[in-house]
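Heads up, the sequence shown is in the numbering used here, so the first residue is 68 and it goes up one at a time.
Ideal Cβ placement from N, Cα and C applies to all residues, glycine included.
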Amino acid sequence: MTAKSEANGDRFIVCTGCSGGAALARALEGRVPVETTDCMNVCDQPVSLAVRAEGKAAYLFTGVDPDTPEEIEAFAKLYAEAPDGQIMDARPAGGLRFCLVGRIPA
């Protein structure tokens, strides 16, 4: 697990109401501090993932591929290194960056 993500209080919340959500949550265990929720209300674009931390911008992703936990882990490293959560170059996160629905200011 990215120790800095855990120390920062970064949270990775997976919608388990989505098809594939439980599989994604399992794949992320030990990689990022993962939590689950029953529904994020974006049911037409599974799998949904939210990333947030106190005092940082929050992110909402949809259409996340459960078979690409390494992309989320790469994003976790970028997020952990960004004091305000603003990630200007998300290319290291691979295809996950194309699943971004929105960034919410802190």
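With a threshold of 16 other beta carbon atoms within 10 Å, Glu121 falls short and is exposed. Scanning Ile139, Asn75 and Gly169 for the CA closest to the CA of Val81 turns up Ile139.
Going by beta carbons, Cys85 and Val118 fall outside the 7 Å limit. Close CB contacts of Phe142 within its chain, under the 6 Å cut and outside five residues either way in sequence, are with Ala160 and Leu163 (chain order). In the DSSP assignment, the residues bridged to Phe128 are Leu116 and Leu167. For Pro133, the CB contacts under 7 Å within the same chain, skipping 5 residues up- and downstream, are Gly87, Ala90, Leu91, Ala94 and Val114 in chain order. Within the same chain, and ignoring the five residues on either side of Cys166 in sequence, the residues whose Cβ sits closer than 7 Å to its Cβ are Phe128, Thr129, Gly130 and Val131. Closest by C-alpha distance to Ala149, out of Glu102, Ala173, Met107 and Gly97, is Ala173.
Around the C-beta of Met155, fewer than 16 other C-beta atoms lie within 10 Å, and the residue is accordingly described as exposed.
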